[in-house]
Every structure is written in C-alpha cells, then in structure tokens.
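Structure first, then comments.
In the numbering used here, the protein residues as written are 20 to 362.
Here it is as structure tokens:
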C-alpha cells in the first residue's frame, strides 16, 4: 500500500463512522496514563537518585494539560446533563473535595513520623495548622510545607492543579449562561476566549513568571478544547481522523517554531481522539476510578521514600517499582474504602 493511499484511507475513514455513543470512551485509560506520566516525572525529580534521572524527561506538563482537556469535556457534559446548578455542584464537589481533604489530613498527621521535630514539637508548631487551614481552602501556596518534613519543602506539589479544577467547576455554569444555547455563537465565543487565554499565557511566560502563567486564565487554553469537542461531538467523531492528522502536524509546527499558538488546542484534540478511538480500552475503568487517588497521593509517597533513603540504600529501580506499587495500592484503597462512598 502506497503512503498516499494509506493517508487517503485514514482521512476518509471518518466519513464511514456511525455516530458514536458519547458514554463509550477511554477517559479512564487516559487519566490513568496521564497520572503515571506525572508520577514518573516526579519520581525522576524527587528521588534524588542519579539512576532515576532518566524519568525527569517524562512530559509532566503535557500530562497536566491533558487532564485539563479531559476536564473541559467531562465538566461541560456534567453540567449539561445536570437537572440543576445545585445538583451539578453537589456532584462535582463530592467527587473532588472528600479525597482532597483526606490527603491533607493524612499528610499533616502521618508525616509527623518523618519530621526532624519530635512529636511534641511538631504538633505544637502553628505551621501544621496553617498547612491544614490554607490547603483546605485550596490555597496551597500559602502554606505548602510542614515543620521538619522533607527539608521544609512542598509536601504535595501536585495539588496546585486542584484549585484550577475547582475554578473550572464554577466557571462552566457561567460560560453556559454567557454563551447561551446557540452553538455557533458558543463556538465563536470559546475560540475568542481561547486566544485571550493564550495572550495571558504567553505574556507571563515571556516575563518568566511561570507560576502566574499557569493560573486559571492561562490554563483555559487547554480546558476550552475539551468543551469545544463536547459541543461539536458528532462533527468531531465524523471527521476525527483528518482532525487528528492536522492536530499532530500543528503541534509539530508549533514546537519547531517555538511558539504556543495552536498547540494547546491541538493537544486537547489529540486527547479527545484517543478517548474515542481504540474501543478495546472502553472498559478500562470497570474496576473503579483510581486515578484521583494515584494523583493526589503519589507526591508525598515519593518524598517519603526519598527521606527514608530507600532510593539511595537499595536498588533504585527496585525501589521505584515498590514505590509505584504502593502508590497504586493507596489509589485503589482510596477509591474503594473512601471516595466512592461519596458518589
């Protein structure tokens, strides 16, 4: 088969696709994959092991942006299908807040065991209570550390994305209200908002203010593509193959030119393509949704392994595997013993 014939076959295959059931997707697989990309990247950075530095090349940022794209699709769908604003907010808050508060509470209590402070000194230190208070409000940057824990460095550097997620929860109803039900107007408005987000993102990155660039206005450029795919789902499914090829080419061009113009949009498109291709992955989440637990617990677990010297005193690759298994076990336990009780 010639290359040209193959490309034509891929491009025009979309015209033969029957409309797909929106509930038959690979989001469970994608989220687990993205969570482990983040885990590997943090493993390479936090383990302090020269042998594990290879994992520093794991594309954490792209994985996080992939999460935002998934959120754009699923949150828009959740609100659209909810009977009321109250019902929507109740579902969304019950999904994210209980496990979030659990990881903060457990870190504040259990990490006292690896603190350089005595238990008395630790629990009499006001920083412990500042940590719990500010983190409970999703303001992690106000109190990211615990006394004597991990060299007074951030306890859980993965949690910053959750305040963004909470902002998305409250933003989507406003966007629905603002854009109305006219899909053409809604699409145009979201594209304009996408470019405004890009301006914000590129402006603060040009000033080397990365932490500001990655706040809500900047991350909207990764969230909006998921919403656009949801609002135009049938068209996306019909033409997904050609859209996928365009997305790959566009990301490559943006990387080559070292610009961020269409790549945030295209990363979202690629994630959505994977979500609605490869049907054999549709049942990946039948045993539970472990992604959230894996994501919110992996950071302090890696740091605990490093603090105990496990990566240094033993074979680092064996310890990396053990660490991964512990993270999986905690994620699975969090789902079955705690998270799903609230859903």
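Idealized CB from N, CA, C, for every residue including glycine.
Close Cβ partners of residue i (< 7 Å) along its chain, the five nearest in sequence each way excluded
i: residue 293; result: 45 and 49
i: residue 249; result: 92, 95 and 96
i: residue 345; result: 320
i: residue 338; result: 324, 329 and 330
i: residue 168; result: 130, 133, 134 and 174
i: residue 89; result: 46, 49, 50, 245 and 290
i: residue 297; result: 45
i: residue 191; result: 94, 95 and 98
i: residue 350; result: 309, 312, 313 and 316
i: residue 183; result: 235 and 238
i: residue 252; result: 41
i: residue 361; result: 113 and 117
i: residue 265; result: none
i: residue 286; result: 81, 84, 85, 88, 241 and 270
For residue i, the first and last residue of its enclosing alpha helix (DSSP H)
i: residue 50; result: 46-65
i: residue 205; result: 202-225
i: residue 331; result: 329-332
i: residue 75; result: No alpha helix (DSSP H) holds residue 75; DSSP gives it neither H nor E.
i: residue 244; result: 235-250
i: residue 114; result: 104-129
i: residue 260; result: 259-276
i: residue 346; result: 335-356
i: residue 146; result: 145-155
i: residue 177; result: Counting along the chain, residue 177 falls outside any alpha helix (DSSP H), and DSSP gives it neither H nor E.
i: residue 282; result: 282-294
i: residue 303; result: Looking at the DSSP string, residue 303 is not in any alpha helix (DSSP H), and its letter there is neither H nor E.
i: residue 139; result: 138-142
Cβ neighbours of residue i in the same chain (closer than 8 Å, five flanking residues each side left out)
i: residue 118; result: 311, 312, 315, 353, 357 and 358
i: residue 366; result: Given a span of 20 to 362 for the chain in the structure shown, any question on residue 366 remains unanswerable.
i: residue 204; result: 198
i: residue 99; result: 195 and 249
i: residue 72; result: 63
i: residue 127; result: 147, 150, 151 and 165
i: residue 61; result: 79, 176, 177, 317, 318 and 321
i: residue 335; result: 66, 68, 70 and 71
i: residue 120; result: 155
i: residue 185; result: 115 and 157
i: residue 26; result: Bear in mind that the predicted position of residue 26 carries a pLDDT of just 43, short of 50, making it too unreliable to give a figure here.
Under the three-state DSSP convention, the category residue i falls into
i: residue 22; result: Residue placement at residue 22 is flagged as unreliable, the pLDDT there being 47, under the threshold of 50; the coordinate-derived value follows with that caveat. In the structure shown, residue 22 sits in a helix (DSSP, three-state: H, G or I).
i: residue 325; result: helix
i: residue 360; result: helix
i: residue 253; result: helix
i: residue 232; result: helix
i: residue 91; result: helix
i: residue 166; result: coil
i: residue 199; result: coil
i: residue 158; result: coil
i: residue 86; result: helix
i: residue 81; result: helix
i: residue 134; result: coil
i: residue 318; result: helix
i: residue 39; result: coil
i: residue 97; result: helix
i: residue 68; result: coil
i: residue 189; result: helix
i: residue 30; result: Note on residue 30: pLDDT 42, under 50, position unreliable in the model; no value is reported.
Beta-carbon contacts of residue i that lie in its chain and below 6 Å, excluding the five residues immediately before and after
i: residue 300; result: 45 and 48
i: residue 67; result: 325
i: residue 228; result: none
i: residue 304; result: 47
i: residue 217; result: 240
i: residue 347; result: none
i: residue 85; result: 53 and 290
i: residue 43; result: 301
Is it a yes or a no for the region 317-333 touching the region 47-61, going by three-plus beta-carbon pairs under 8 Å? The region 317-333 vs the region 47-61: in contact.
Evaluate the contact criterion for the region 271-282 versus the region 214-226: three or more CB pairs, one atom per stretch, below 8 Å. Note that the region 271-282 touches the region 214-226; at least 3 beta-carbon pairs, one per stretch, sit closer than 8 Å.
Would you call the region 149-161 in contact with the region 179-191, where contact means no fewer than 3 C-beta pairs closer than 8 Å? At 8 Å Cβ cutoff, the stretches touch.
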